[in-house]
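62 is the number of the first residue of the sequence shown in my numbering; add one for each residue after it. Written below as structure tokens is the structure these notes are about.
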Amino acid sequence: MTVDGSQEKQALQRRLEELEGRLEKLKRDAAQAHSSDSAEQAQERENDEVVDAIGVETREAIVALKAALLRMEEGSYGVCVECGGTIAAARLEARPEATHCINCAD
């Protein structure tokens with residue numbers, strides 16, 4: 062059984078747009094010039110590391126959501142890639158990028 066509901070697809074697309082917007086903001090923030098004060102530079106470098114980590118997580122989430130949208134188009138969204146069983150709707154609601162049913166995810 063596959064999930065191909067338009068509401069689910071719209072929700073994924075909205076989330077994808079939100080994440081892409083966040084990534085653009087992170088890129089703009091990272092491009093800002095740093096202070097000439099050495100104490101402030103240390104804090105800014107720390108902040109840059111946090112921004113970089115958030116950027117990595119955001120890019121990974123974007124890739125996962127794009128893959129979920131592709132599975133929707135192919136008709137395999139909601140099907141476990143391991144056992145071929147159905148991924149529970151509650152799991153997909155919590156983790157729309159899920160590729161495994163709860164049994165195979167362990």
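Heads up, the beta-carbon is just placed ideally off N, CA and C, and yes, glycines get one too. All figures in this text were calculated on a predicted structure; none of them were measured in a lab.
**Report entry** Which listed residue (E81, A103, D109 and L80) has its alpha carbon closest to that of Q93
**Finding:** D109
Report task. Alpha carbon to alpha carbon, how far is L130 from V117? Give it in angstroms, no decimals. Result -> 20 Å
Query raised in the report: Going straight from the alpha carbon of L77 to that of E154, what length do you get?
Result: 15 Å
Query raised in the report: Are there 16 or more other CB atoms within 10 angstroms of the CB of R106, so buried, or fewer, so exposed?
Result: exposed
**Report entry** Whole-angstrom distance between D98 and I123, CA atom to CA atom
**Finding:** 36 Å
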